[in-house]
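Chains as they are written, first to last, in full-length UniProt numbering: chain A, 1 to 203; chain B, 1 to 203; chain C, 1 to 203.
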């Protein structure tokens, strides 16, 4: 139940982030819905395609479509108030990537993949919805340019494979991983830590 | 036979719309061909990937590749005359999305998906070729910004699931759905109806 | 062994080309890695998805991830010296597309596809890593705009299906195809041959 609530909160947060980017581009109603939709389920869809898990997850469970549709309607109606909840949204979004990272890793383990591939799948699940959102809106994906985001997912993933070697139940490693991803992202934003940008020093 | 002719006309119309966008971007011969190709088969390809229907359809039937290649050659040779057939093209394109919507819904039903997912698949089949075309040409997809297009597909899809509850043969619902999609699109363009664009009213 | 060395050289060349494009866009460390990664494995991934060969190849063999990661670190450390090896890189890249074209064709044959689809798969394997790289960096893909690149792959693919009708071992056609792709690309660049750009002559 707790797991389910977090999952839905993550979807809502991702969908709202899609609505906000789409509104900045002045898209029409359908465009806003599609951007919200791909932001929320794009990462999981790419994960399912890569491991051959088809029909992809959101086609098998109608709850996702309805939650996203509801979120879009709500966000558009209250669009002038969205800025007041920006902080809560950031928190949902951060909880979302923590959870999605772990969900992706689990799928990778079930598919019998190596740890490094599981970590890649976790990162894809958490981050590529945002990447597809930015491509559809004709922007270079924001996670390639700034902010610790994917890096938090990768560090969480590495932690998981270290933690599960400890003589405790796997559930502890599971929860710890989610908290590590969330913690790294919160600290990075709080202290304005980001990855170095790379460019040539001589022309 | 009739079905087949419509299918080919739809592909031709989509391919020509790809050629016209690619020419505006002054792409080279290969670029024009690829854009025409993804416009014509992109929606169906994404549908096949999402439901795990691989190899995707156009890889199993060579007719698509040859029709598209022929259309590209024809369009380039007669590129200065294309504007005179713009109205016919619009009609083919509209017939194409009507047909593709129904084709996508059928695939969804065969894959045992819920109605809402079948409607999504129908809309993806009809619309995402154009979305991929616009992304490859570095534009925000036109269907996110203006025109009733995806909306016609969605309304047609909803109609199909209402109509098939009636005590008639499924073939009637099938044909009616195609006509509904075409009708909505024609009326929307005729009366310049479009979805509202969404943006924040306060800064 | 020889085959393996060429494969790795191709990956390294593609990854470095990704790093260079990503640096021009001043992406951060994660962005540079992802761009290098998709450039190197994007074409093969799309091929695997289209024919339903999942989990996709790079998820089954960890060597690819490590080679790409090593290449990215190396390229960033020596980024100011990269221009001195530009010529060698061009050669690796050209060898890479020759090899990838043939790899794609082989996958198509194994999947029982028609020759024209095998050629398409070979071209996709060789070229679409670069296409995805350019889309992620918000550019119209370079291979749609200039240079003989995909054309060399297509001509090589056609040659393969002609050559294997000759009464020799298939291995000769295999090697000849790779050399033909490489030869066409080298000649095209040497003599500045490119495909005509297509645009309307009247407004």
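C-beta atoms are modelled at their ideal positions from N, C-alpha and C, and glycine is treated no differently.
Which bits of chain C does residue 62 (chain B) rub up against, with CB to CB less than 8 Å? 114, 116 and 117
Between which two residues does the alpha helix (DSSP H) containing residue 137 (chain B) stretch? Careful: residue 137 (chain B) lies outside any alpha helix (DSSP H) and carries neither H nor E.
Which residues in chain B sit within 7 Å of residue 31 (chain A), going by Cβ to Cβ distance? 144 and 145
Are three or more beta carbon pairs between the stretch 110 to 120 of chain B and the stretch 24 to 34 of chain B nearer than 8 Å? no
Which runs of the alpha helix (DSSP H) at least 4 residues long sit entirely within the stretch 85 to 119 of chain B? Give them in chain order. 86 to 110
Since residue 17 (chain C) contacts residue 39 (chain C) with CB under 8 Å, what's their CB separation in whole angstroms? 6 Å
Count the other CB atoms, across all protein chains shown, that sit within 10 Å of the CB of residue 48 (chain C); report buried if there are 16 or more and exposed otherwise. buried
Pairs of beta-carbons, one from the stretch 139 to 152 of chain B and one from the stretch 64 to 79 of chain B, closer than 8 Å: are there three or more? no
Start and end of the alpha helix (DSSP H) containing residue 157 (chain C)? 150 to 163
Residue 122 (chain B) versus residue 85 (chain B): straight-line alpha-carbon distance, rounded: 27 Å
Continuous beta strand (DSSP E) assignments of at least 3 residues falling wholly in the stretch 8 to 96 of chain A: none
Residues, ordered as in the chain, of the stretch 134 to 164 of chain A that lie near chain B by beta-carbon distance below 9 Å: 135, 136, 137 and 138
For the structure I just gave you, are there three or more beta carbon pairs, one from the stretch 118 to 136 of chain A and one from the stretch 97 to 110 of chain A, closer than 8 Å? yes
Assuming residue 199 (chain B) is part of the alpha helix (DSSP H), what are its boundary residues? Careful: residue 199 (chain B) lies outside any alpha helix (DSSP H) and carries neither H nor E.
Given that residue 111 (chain C) touches chain B, what residues does it touch there, using C-beta distances under 7 Å? 55
DSSP three-state call for residue 145 (chain B): helix, strand or coil? coil
Is any heavy atom in the ligand FAD found nearer than 7 Å to the beta carbon of residue 52 (chain C)? Of the ligands one can find in the structure shown there are none, so the ligand FAD has no counterpart to examine.
Is the Cβ-Cβ distance between residue 129 (chain B) and residue 14 (chain B) less than 8 Å? yes
For residue 28 (chain A), would you say it is in contact with chain B, using Cβ-to-Cβ distances shorter than 8 Å as the test? yes
Reducing DSSP to helix, strand and coil, say where residue 169 (chain A) ends up. coil
Just how far apart, CA to CA, sit residue 176 (chain A) and residue 67 (chain B)? 56 Å
Would you please state the rounded distance, in angstroms, between the beta carbons of residue 186 (chain A) and residue 94 (chain A)? I believe it to be under 8 Å. 6 Å
Short check: CB of residue 107 (chain B) to CB of residue 41 (chain B), under 8 Å? no
So, residue 9 (chain A) versus residue 92 (chain A), is the Cβ gap smaller than 8 Å? yes
Going by other Cβ atoms of all chains shown within 10 Å of its Cβ, with 16 needed for buried, is residue 64 (chain C) buried or exposed? buried
If contacts are defined as beta-carbon pairs under 8 Å, then residue 138 (chain A) and residue 138 (chain B) qualify, I think. What distance do you get, rounded to the angstrom? 7 Å
Since residue 198 (chain B) contacts residue 154 (chain B) with CB under 8 Å, what's their CB separation in whole angstroms? Not quite, the Cβ-Cβ distance comes to about 17 Å (not below 8 Å), so this is no contact.
Measure the Cβ-Cβ separation of residue 190 (chain C) and residue 21 (chain C) and say whether it is below 8 Å. no
Using CA atoms only, rank isn't needed, just tell me which of A:188, A:12, A:5 and A:24 is closest to residue 144 (chain B). A:24
Please classify residue 195 (chain B): is it buried, with 16 or more other beta-carbons within 10 angstroms of its beta-carbon, or exposed? buried
Quick one: is residue 193 (chain A) buried, meaning 16 or more other Cβ sit within 10 Å of its Cβ, or exposed? exposed
Contact list for residue 194 (chain A) against chain C, beta-carbon separation under 9 Å: 28
Candidates B:172, B:19, B:159 and B:136: which alpha carbon is nearest residue 77 (chain B)'s? B:19
Which chain A residues are close to residue 121 (chain C), counting only those with a beta carbon under 8 Å from its beta carbon? Near residue 121 (chain C) there are no residues of chain A at all, since even the closest Cβ is about 17 Å away, more than 8 Å.
Looking only at C-alpha atoms, which of C:43, C:146 and C:173 sits nearest to residue 158 (chain C)? C:173
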